[in-house]
Amino acid sequence: MKLILKQLVLVSFLGLIITLFTVNAEMADTTAGERRAGVCFSCHSKDGISKLPGTPHLAGQDRQYLENALKAYRIGQERSNPTMTAMAKPLSDKDIVDISAYFSKLPYMK
C-alpha cells in the first residue's frame, strides 16, 4: 500500500512539473517579446544576428537558455556584464519569457 501511494505521489508530481513547463511555453508571446526586445536591437539586432564583435547572436538560441541567461544577468549572478545587468534588471519574468521566445523563434545564422 505504501509503495502504491509513493508511486501515485511521484506520478502526480511529475505531471505537475510537465504541466508547468507546458504552460510556461504556451504563455510566451513572441509579438510582445519583439516589442519588449527593442532595447536589445542596438547590440543584438532585430534579426538576432549581432553586427558587433564580441556580442553574441541570439537568433535561434534555445529559449530556456536565453531565459536562464537573462535571469542570471538580472540578479547579477553567474554572469557579469554591467551592460546586460542594466538591461535585464527592469525585466519582469513575463518579459524574459516573451523576449526569449522571440529570439528563439528567429532563424539561426549558419
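Using the numbering used here, you'd call the opening residue of the sequence shown number 3 and step up by one each time. No residue lacks a Cβ here, since even glycine has one placed at the ideal position from N, Cα and C.
The alpha helix (DSSP H) with residue i in it runs from where to where?
i	result
A61	Where A61 is concerned, there is no enclosing alpha helix (DSSP H), given that its DSSP letter is neither H nor E.
A74	65-77
T57	No alpha helix (DSSP H) contains T57, which DSSP labels as neither H nor E.
C45	43-46
K107	95-107
E80	Note, E80: premise wrong, no alpha helix (DSSP H); not H, not E.
P92	Careful: P92 lies outside any alpha helix (DSSP H) and carries neither H nor E.
A30	Segment: none, A30 is in no alpha helix (DSSP H) and carries neither H nor E.
What residues in its chain sit with their C-beta under 6 angstroms from that of residue i, if we drop five residues either side in the sequence?
i	result
A103	A30, T32, G35, R65
I101	G35, R38, A39
T87	Y75, G78
K91	R76
Closer than 8 angstroms by C-beta to residue i: which residues in its own chain qualify, once you throw out the five before and the five after it? Chain order, please.
i	result
V41	M89
V25	With a pLDDT of 48 at V25, under the threshold of 50, the predicted position of this residue should be treated as unreliable, though the coordinate-derived value follows. Taken in chain order, the list of residues that qualify is empty.
A71	R81
Is any heavy atom of the ligand MG found at a distance shorter than 7 angstroms from the C-beta of residue i?
i	result
Y67	This structure simply doesn't include the ligand MG, nor any ligand for that matter.
Can you give me the Cβ contacts of residue i inside the same chain, cut-off strictly under 7 angstroms, excluding the 5 residues immediately before and after it?
i	result
S52	C45, H46, P58, H59
M111	I51, H59, A61
L54	C45
K1	It is not possible to answer for residue 1, since the shown part of the chain is limited to 3 through 112.
L117	The requested residue 117 is not part of the displayed model; the chain covers only 3 to 112.
Would you grab the beta carbon distance between residue i and residue j for me? Rounded to a whole angstrom, and I think it's under 8 angstroms.
i	j	result
L108	D49	6 angstroms
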